[in-house]
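**Q**
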Amino acid sequence: MKCMKSIYGWISLFLAFIFLVLPLTSVKGEVGAQPVSSQIQKEEVTFRLKDKESGEISVITARDYILGVVSAEMPASYHIEALKAQTVAAYTFALWRKNENKKEDFDITSDSNLDQAYINKEGRSKKWGEKEGEYTEKILSAVDSVLGQTVTYDGKIALTLYTAISGGKTENVKNLWGKEYPYLVPVESVGDLLSPNYLTTVEFKKEQLTEKLEKISDVPLKDWFSSPVYSDSGTVLSYKFGDITLTGKEIRSALNLRSANFDVTAKDNVFTFTVRGYGHLVGMSQYGANYMAQQGNSYKEILKWYYKGTEII
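Converting from the sequence shown to our numbering requires adding 2 to each position, the first position being numbered 1.
1) Could you compute how far the alpha carbon of Val61 sits from the alpha carbon of Gly169?
2) Tell me which residue opens and which closes the alpha helix (DSSP H) that Thr138 is part of.
3) What's the C-alpha gap between Thr202 and Ile159?
4) Where does Tyr309 sit, in a helix, a strand or coil, going by DSSP?
5) Looking at the unbroken alpha helix (DSSP H) that takes in Lys224, where does it start and where does it end?
6) Is it the case that the CB of Thr212 approaches a heavy atom of the ligand SAM more closely than 7 Å?
7) Can you have a look at Gly250 and say buried or exposed, based on whether 16 or more other CB atoms are within 10 angstroms of its CB?
8) Taking just the CA atoms, how far does Asn258 sit from Arg50?
9) For the candidate residues Phe227, Ala166, Gly131, Thr274, whose alpha-carbon lies nearest to that of Tyr293?
10) Apart from the five residues on each side of it in sequence, which residues of its chain come closer than 6 Å, Cβ to Cβ, to Lys129?
11) Using the Cα positions of Gly317 and Asp234, report the straight-line distance between them to the nearest angstrom.
12) May I ask which residues mark the beginning and end of the beta strand (DSSP E) holding Tyr80?
13) Take the Cβ of Glu190 as the centre, count every other Cβ of all protein chains shown within 10 Å, and call the residue buried at 16 or more, exposed below.
14) Which parts of the segment 151-188 are runs of the beta strand (DSSP E), unbroken and 3 residues or longer, counting only runs that do not cross its ends?
15) DSSP on Thr190, reduced to helix/strand/coil?
16) How far does the alpha helix (DSSP H) with Tyr289 in it extend, from its first residue to its last?
17) State the start and end residues of the unbroken beta strand (DSSP E) segment that holds Leu215.
18) To which residues does DSSP link Lys52 through a beta bridge?
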């Protein structure tokens, strides 16, 4: 009898192990489950967003914010890998600005001239109309698959600037803002040459130019647009107007040109500007990213191409 009791005891322990312990180990190793810490980290990240129109500051989750940024900044028709690259670039930029603005009452603004554009659900509905549901689902698919990943350089969050269309080669950030970042250097972006908006042409009469470029109003016409200085990427760094020097950035801003990568020709007091690309031309080209994605490149390959020497973590 003692022997039988011993056997029953071992059987009971064995059954307890099967029904109580094994289920726990099975749940822990479930395929596709994310670590809890990873999920919490994504949910905890928020941004204090300052509206460019009203100046009001609202606290918004990273997911909602990046959805609004990608919706505003990149065409929803672009390849999913390009949208993923945009998601990581936008999120990384937001973290960079959040750190820069630690002493402010906001982390980032919705002003694309300062930070990144942003549109809410109402804005998306207005922009996309009947395609809102389809496009929102597509962008959310990209956002949810990579949100939380960042571009880093030497272990630090990178300044992930991006532009709509390059001039065929991206620009060195130093030429525009004077500060060097080793990962914001010129790279070839041949896909941009295929954009239907790569080249634009705009004309100004002499009187229009003197009105917009007030500094040159007293400079003789023969001394206009002399001694041009270009960057290796073709961006205008400066032109001379007699003794006056204007940067390409100043000319672009005053004339509302699509970029500072331009040529000027004059005939009968009419000045024709042939402009290449769109934006400040630094960092990731969005059109170029879409082209790379169409050629089979992943979002990580796209990001590493445009931000040299960086890691995606």
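In this text, a Cβ means the ideal position worked out from N, Cα and C, and glycines have one as well.
This structure is a prediction, so every number in the text was calculated from the model and none was measured.
**A** With the structure as the only source:
1) 37 Å
2) 134-148
3) 35 Å
4) coil
5) Element bounds for Lys224: n/a, residue is neither H nor E.
6) As presented, the structure is devoid of all ligands, the ligand SAM included, so that no description of it is given.
7) buried
8) 31 Å
9) Ala166
10) none
11) A question about residue 317 goes unanswered here, because the residues of the chain that appear run from 3 up to 315.
12) Looking at the DSSP string, Tyr80 is not in any beta strand (DSSP E), and its letter there is neither H nor E.
13) exposed
14) 153-155
15) The sequence shown places Glu at residue 190, rather than the Thr named in the question. Strand.
16) 288-296
17) Here Leu215 belongs to no beta strand (DSSP E), and DSSP marks it neither H nor E.
18) Ile59, Thr111
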